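Protein chains: 2
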Amino acid sequence: MDIQALDQLVMQWLQHGANRLIAHLDDQLQVNTKSGRSDLVTNLDRETEQFLVGQIKQTFPDDQIFSEEGFGDHVQSLKGRVWFVDPIDGTLNFVKQHDNFAMMVALYEDGQPVYGNILDVRRQRFVHGGPSMGAYLNQFRIAPVTPRPLADGLFGVNGPMFAKNRYHVQDMALASLGTRVLGSAGLEFQQVVLGNSIGYCSYLAPWDVAAGRVLAETVGLKVVVPPENALSMLKRELIVTTNAQALQEVQQIMQGDHNTK
Amino acid sequence: MDIQALDQLVMQWLQHGANRLIAHLDDQLQVNTKSGRSDLVTNLDRETEQFLVGQIKQTFPDDQIFSEEGFGDHVQSLKGRVWFVDPIDGTLNFVKQHDNFAMMVALYEDGQPVYGNILDVRRQRFVHGGPSMGAYLNQFRIAPVTPRPLADGLFGVNGPMFAKNRYHVQDMALASLGTRVLGSAGLEFQQVVLGNSIGYCSYLAPWDVAAGRVLAETVGLKVVVPPENALSMLKRELIVTTNAQALQEVQQIMQGDHNTK
């Protein structure tokens with residue numbers, strides 16, 4: 001299957017899943033906590049993941065699937081074709097706002113980005129594509145990023161990491177033009193890929209970062225475990241995405257020798 | 001003029017202004033800084049304010065206007081009818097994202113809330129109304145808030161105040177279910193009024209807070225200069241909006257005797 005056909009197929013799966021989510025938004029949700037009081041999962045996370053995993057399994061029975069809610073495989077190696085599925089990214093927003101959440105699907109082959117798709121469900125904004133087809137906002141091609149300094153743009157962060165300045169995240173954000181906290185890795189990645197934010201830093205699981213990394217790299221952004229390590233894509237890790245110029249500033253900030261305000 | 005007729009008129013003004021903004025979003029903006037590098041004003045802020053102030057002046061020549069960019073009056077007293085106009089709230093988002101900004105208009109009489117309207121321009125979401133007509137999201141009536149604790153909802157804050165824990169803002173936000181930083185007082189007020197966030201705290205000018213206060217009080221929220229003072233509506237001040245139960249927690253946090261995590 002060529003990349004355009006694969007893109008069309010994933011778009012259809014996500015649209016179908018999104019329609020179903022929206023239809024059930026006003027139902028009484030079954031909400032459970034996972035690792036803590038703000039780490040939620042609902043029946044709709046599980047059902048949406050089952051649907052997406054089912055579609056992938058049916059179409060590509062030999063591929064592995066790395067997914068948030070446990071309906072995929074127990075992935076221990078990135079060899080071959082591996083899908084990453086996050087059925088509802090920003091579950092707190094989903095539960096409390098019925099808005100500002102994303103669905104994400106990505107495909108890697110031997111650990112290399114092939115395809116990513118982030119859908120802002122309520123806004124119907126698909127940011128999708130990959131290195132061979134380019135990156136698109138719905139049907140519109142997204143321009144490559146141009147290098148610019150941190151002070152030129154808005155910087156997305158994880159709230160508690162920003163508050164406590166863990167890994168110098170507060171220093172990074174305060175060196176930018178302004179800090180934003182959206183509560184969804186997918187929506188933060190959309191903003192960076194679209195050039196609306198200059199960067200994003202958080203502590204992310206493989207399904208949180210997989211689609212965003214494909215799209216970010218496709219438009220020329222860097223995605224690293226700072227200061228400059230490659231992502232493992234197998235465990236939660238600190239991740240920064242920004243352009244090459246601002247990444248140098250981030251690296252200086254992490255070494256503690258950056259002039260912050 | 002009755003409140004419904006006034007509402008229709010303001011809706012038309014805002015829609016006209018919004019259409020014009022969207023039509024000119026891709027023009028080269030003239031961007032200037034005001035008090036600092038992240039306090040921006042553009043030619044479109046000024047032109048939009050001139051339009052809104054002109055409409056108010058033409059329709060209500062005896063009313064005073066308190067507006068951000070200086071085309072209104074030099075308001076020194078809230079006696080009589082006073083309009084508050086913020087042509088583009090979230091100018092940084094407007095400039096860098098072409099999204100996530102609001103237009104705001106409010107009317108007070110002898111310092112008492114009469115009418116407020118916050119338009120999320122790109123989403124075409126009007127949150128509008130007042131004590132005599134109720135609060136609406138576009139044509140849908142917004143339900144009154146129910147008291148609930150801070151830990152039950154998302155809390156919006158100003159980024160730098162959160163980072164530095166000024167006025168215990170970080171303590172408040174970390175006692176909630178999660179922190180959000182949107183970069184627009186208007187959009188933060190929309191979230192609280194709609195019940196999507198449990199509260200919002202920032203340091204705001206009269207035009208930043210005027211419409212939000214009308215709408216928040218209309219749905220039963222408190223809007224105070226914490227711990228419990230009334231707003232002056234004539235100068236920048238620390239402002240908290242939340243429900244009565246969570247406000248008690250905020251007050252305890254500001255007195256430093258709250259059990260934060």
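Chains A and B supply the protein sequences, listed in that same order.
For the first sequence, counting from 1, position 249 maps to 249 in the working numbering; every step adds exactly one.
For the second sequence, counting from 1, position 201 maps to 201 in the working numbering; every step adds exactly one.
We put the CB at the ideal spot given by N, CA and C, even for glycine.
What you are looking at is a predicted structure, and each value in this text was computed from that prediction instead of being measured.
At a cut of 8 Å, does the segment 31-49 of chain B reach the segment 78-91 of chain B through at least three beta carbon pairs?
-> Contact holds: three or more Cβ-Cβ distances are below 8 Å.
Cα-Cα separation, B/Tyr167 to A/Val53 | CA-to-CA, the gap between B/Tyr167 and A/Val53 works out to about 47 Å.
Three-state secondary structure (DSSP) of A/Phe101 = Three-state DSSP puts A/Phe101 in coil, outside helix and strand.
Among residues of its own chain, excluding the 5 on either side of B/Gly17, which ones have a beta-carbon nearer than 8 Å to its beta-carbon?
-> These residues qualify, in order along the chain: Thr48, Phe51, Leu52, Pro87 and Met103.
N- and C-terminal bounds of the beta strand (DSSP E) containing A/Ile239 = Element bounds for A/Ile239: Glu237 to Thr242.
State yes or no: is the C-beta of A/Tyr200 within less than 9 Å of the C-beta of A/Val145?
-> No, Cβ-Cβ distance for A/Tyr200 and A/Val145 is not below 9 Å.
The beta strand (DSSP E) spanning A/Gly199 covers which residue range?
-> Where A/Gly199 is concerned, the enclosing beta strand (DSSP E) stretches over Gly199 to Leu204.
State the DSSP-derived secondary structure class of B/Gln8, mapped to helix, strand or coil.
-> Residue state, collapsed to three classes: helix.
Say whether chain A places a C-beta atom closer than 9 Å to the C-beta of B/Asp208.
-> No, because no Cβ of chain A sits closer than 9 Å to the Cβ of B/Asp208.
Ends of the alpha helix (DSSP H) at A/Thr48?
-> Segment Asn43 to Thr59, the alpha helix (DSSP H) holding A/Thr48.
With which residues is B/Asn117 paired in a DSSP beta bridge?
-> In the DSSP secondary-structure assignment, B/Asn117 is bridged to B/Val105 and B/His128.
DSSP puts A/Phe262 in a beta bridge; with which residues?
-> Past the edges of chain A, shown from 1 to 261, lies residue 262 of chain A, and the structure says nothing about it.
In three-state terms, what does DSSP make of B/Gly186?
-> The answer is helix: DSSP assigns B/Gly186 an H, G or I state.
Closer than 8 Å, Cβ to Cβ, to anything on chain B: give me those residues from the segment 135-158 of chain A, in chain order.
-> In summary, the residues of the segment 135-158 of chain A whose CB is separated from some CB of chain B by less than 8 Å are Ala151, Gly153 and Leu154, in the order they occur in the chain.
Taking 8 Å as the threshold, find out whether the segment 173-193 of chain A comes into contact with the segment 104-122 of chain A through three or more Cβ pairs.
-> The segment 173-193 of chain A, when compared against the segment 104-122 of chain A, does touch it at the 8 Å Cβ threshold.
Residues within the segment 86-106 of chain B neighbouring chain A, beta-carbon criterion of under 8 Å | Residues of the segment 86-106 of chain B that bring their beta carbon within less than 8 Å of a beta carbon in chain A comprise Leu92, Asn93, Lys96, Gln97, His98 and Asp99, in sequence order.
Measure the CB-CB distance between A/Asn196 and A/Gly220 and report whether it falls below 9 Å.
-> Cβ distance not < 9 Å, so A/Asn196 and A/Gly220 don't count as in contact.
Beta-carbon of B/Val181 versus every beta-carbon of chain A: anything under 9 Å?
-> So yes, B/Val181 belongs to the interface.
At a CB-CB cut-off below 7 Å, which residues of chain A make contact with B/Gly178?
-> For B/Gly178, the residues of chain A that pass the 7 Å Cβ criterion are Ser38, Leu92, Gly159 and Gly183, in the order they occur in the chain.
Check B/Leu25 in the structure and name its three-state DSSP category.
-> It is coil, neither helix nor strand.
Residue of B/Gly178, B/Asn229 and B/Ala210 minimising C-alpha distance to A/Gln97 | The alpha carbon of A/Gln97 has as its nearest neighbour, out of B/Gly178, B/Asn229 and B/Ala210, the alpha carbon of B/Gly178.
Are the C-beta of A/Ala211 and some C-beta of chain B separated by less than 9 Å?
-> Chain B contact via Cβ: absent.
Report yes or no: do three or more beta-carbon pairs, one from the segment 234-242 of chain B and one from the segment 206-226 of chain B, lie closer than 8 Å?
-> Result yes; three or more Cβ-Cβ pairs closer than 8 Å.
With DSSP as the reference, label A/Ala211 as helix, strand or coil.
-> In the three-state DSSP reduction, A/Ala211 falls in the helix class (H, G or I).
Under a three-way DSSP split, which group does B/Thr260 fall into?
-> Low confidence applies here, because B/Thr260 scores a pLDDT of 47, under 50, leaving its location unreliable; read the following figure in that light. Look at B/Thr260 here: in three-state DSSP terms it is coil, with no helix or strand label.
Assign A/Lys263 to one of three DSSP states: helix, strand, or coil.
-> Since the displayed chain A opens at 1 and closes at 261, residue 263 of chain A lies outside it and no answer follows.
Near B/Leu247, which residues of its chain fall below 6 Å by C-beta distance, leaving aside the five closest residues on each side in sequence?
-> Lys222.
So is B/Thr91 buried or exposed if we call it buried at 16+ other beta carbons inside 10 Å?
-> Its Cβ being crowded by 16 or more others within 10 Å, B/Thr91 is buried.
Say whether chain A places a C-beta atom closer than 9 Å to the C-beta of B/Ala18.
-> When Cβ-Cβ separations below 9 Å define contact, B/Ala18 makes no contact with chain A.
Expressed to the nearest angstrom, what Euclidean distance is found between the alpha-carbon atoms of A/Leu204 and A/Arg213?
-> About 11 Å.
What is the DSSP secondary structure of A/Asn229, counted as helix, strand or coil?
-> Correct three-state label for A/Asn229: strand.
Chain-order list of residues whose beta-carbon lies under 6 Å from that of A/Asp208 (same chain, five-residue window excluded) | Excluding positions up to five away in sequence, the list reads Ala185.
For A/Gly286, write down the residues that DSSP places opposite it in a beta bridge.
-> What the structure shows of chain A is the stretch from 1 to 261, and residue 286 of chain A is not part of that stretch, so it cannot be assessed.
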